[in-house]
Amino acid sequence: MGGLSVAEQGLCFIFDCFVKYQGTWTYVLLGMIAVLLTLLYRKKEAEFLFLWYPLVLLLTVFNPFLMNKVIVKMDFESEFYRFFWLVPLPFFLAYALVETGSRLKKGWKRVALIAAVGGLVLFCNQSSLKQIATISIPKNVYKVEDDLLTVAELIHRDSTKEEPKVALPLEYNLQARQYDPSLRLTIERNKMMFWLGIDTAGSYTDENQSYRYQSDIMDVIYGGQNTEPSVLKKALAKTRTDYLVAYKKNDVHETIREAGCQAVGETPEAVVYLTSYGKKHKE
Numbered sequence: 056m057g058g059l060s061v062a063e064q065g066l067c068f069i070f071d072c073f074v075k076y077q078g079t080w081t082y083v084l085l086g087m088i089a090v091l092l093t094l095l096y097r098k099k100e101a102e103f104l105f106l107w108y109p110l111v112l113l114l115t116v117f118n119p120f121l122m123n124k125v126i127v128k129m130d131f132e133s134e135f136y137r138f139f140w141l142v143p144l145p146f147f148l149a150y151a152l153v154e155t156g157s158r159l160k161k162g163w164k165r166v167a168l169i170a171a172v173g174g175l176v177l178f179c180n181q182s183s184l185k186q187i188a189t190i191s192i193p194k195n196v197y198k199v200e201d202d203l204l205t206v207a208e209l210i211h212r213d214s215t216k217e218e219p220k221v222a223l224p225l226e227y228n229l230q231a232r233q234y235d236p237s238l239r240l241t242i243e244r245n246k247m248m249f250w251l252g253i254d255t256a257g258s259y260t261d262e263n264q265s266y267r268y269q270s271d272i273m274d275v276i277y278g279g280q281n282t283e284p285s286v287l288k289k290a291l292a293k294t295r296t297d298y299l300v301a302y303k304k305n306d307v308h309e310t311i312r313e314a315g316c317q318a319v320g321e322t323p324e325a326v327v328y329l330t331s332y333g334k335k336h337k338e
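Residue numbering for the sequence shown follows the working numbering, starting at 56 and increasing by one per position.
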């Protein structure tokens with residue numbers, strides 16, 4: 056995972072990855088408590104699913120003495136977090152909670168248990184809850200930004216290609232793949248995440264031409280930087296981008312026009328440009 060390596064973490068690499076993946080070490084403690092409760096309840100089905108299966112994982116893919124060498128040899132430090140999808144922790148904790156609640160005879164004890172668990176969940180997820188509170192859900196049936204619908208319509212109306220290649224602003228780029236797969240995205244997800252400072256899905260340098268050209272585009276439409284028009288024009292050509300979309304609020308439109316782009320439409324939030332590459336290759 057990003058910022059973690061076998062060379063630096065050593066035998067703690069897998070544990071540190073788990074803590075970073077979950078965002079807290081609390082789940083390790085809760086898992087240990089759930090293990091003790093499962094042993095106490097002595098249910099064979101639960102022991103097989105929640106004890107023997109995790110034990111096999113601990114002896115294999117989560118065994119640092121075995122896996123550290125494999126991780127380094129196969130170079131998947133940044134992708135190791137995917138092994139945590141094998142861990143049935145959410146189901147294990149849910150089982151332990153339900154089983155414990157069913158064994159409490161008095162109602163007030165169950166209420167106290169629910170209150171304690173609810174308080175713990177809220178405490179461990181404060182940052183996530185704050186983010187959820189600020190999310191505004193679009194009212195359209197696709198549940199994407201209303202402005203994106205108009206942007207996609209403008210592009211398809213102007214383009215003669217069935218699948219035009221488009222450089223979209225950050226929010227639109229994340230949503231376009233679920234709304235309109237006929238829009239081929241210039242900015243790749245992993246490279247976008249790395250540009251944003253998240254290296255869990257990979258890391259890149261300017262020696263990687265694909266990343267360098269995409270980074271030049273992101274500097275303009277994500278970062279609002281007025282780079283040299285020639286740099287942007289070259290990046291759009293090298294990535295074979297037909298259309299570029301930029302927010303109106305970003306003061307980069309003069310740079311975009313000087314890079315040979317022509318406005319073909321606009322929405323309340325953004326301007327849609329046909330690139331010089333798109334003009335030359337318009338069928």
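C-beta: ideal position from N, C-alpha, C; glycine also.
- In the DSSP assignment, E321 falls within the unbroken beta strand (DSSP E) covering 317 to 321.
- Checking the DSSP bridge columns, you'll see K220 partnered with R239.
- Per DSSP, the unbroken beta strand (DSSP E) holding L299 starts and ends at 298 to 302.
- The beta carbons of P109 and F68 sit no closer together than 8 Å.
- Residue state for L175 is assigned as helix, using DSSP reduced to three classes.
- In this structure, DSSP gives Y277 a state outside helix and strand, which the three-state scheme calls coil.
- Counting other Cβ atoms within 10 Å of its Cβ, I88 stays below 16 and is therefore classed as exposed.
- For the segment 100 to 140, the full-length alpha helix (DSSP H) segments reaching 4 residues or more read 108 to 114, 119 to 129 along the chain.
- The Cβ atoms of L92 and A170 lie no closer than 8 Å to each other.
- Rounded to the nearest angstrom, the Cβ distance from K220 to T241 is 6 Å, consistent with a contact under 8 Å.
- Counting every other CB atom within 10 Å of its CB across the protein chains shown gives P145 a total below 16, marking it as exposed.
- Counted as a single uninterrupted DSSP element, the stretch harbouring A314 is not any beta strand (DSSP E), since DSSP gives it neither H nor E.
- The Cβ neighbour count for Q269, taken over all protein chains shown within 10 Å, is at least 16; the residue is labelled buried.
- Contact between the segment 312 to 327 and the segment 283 to 303 is present, with at least three C-beta pairs closer than 8 Å.
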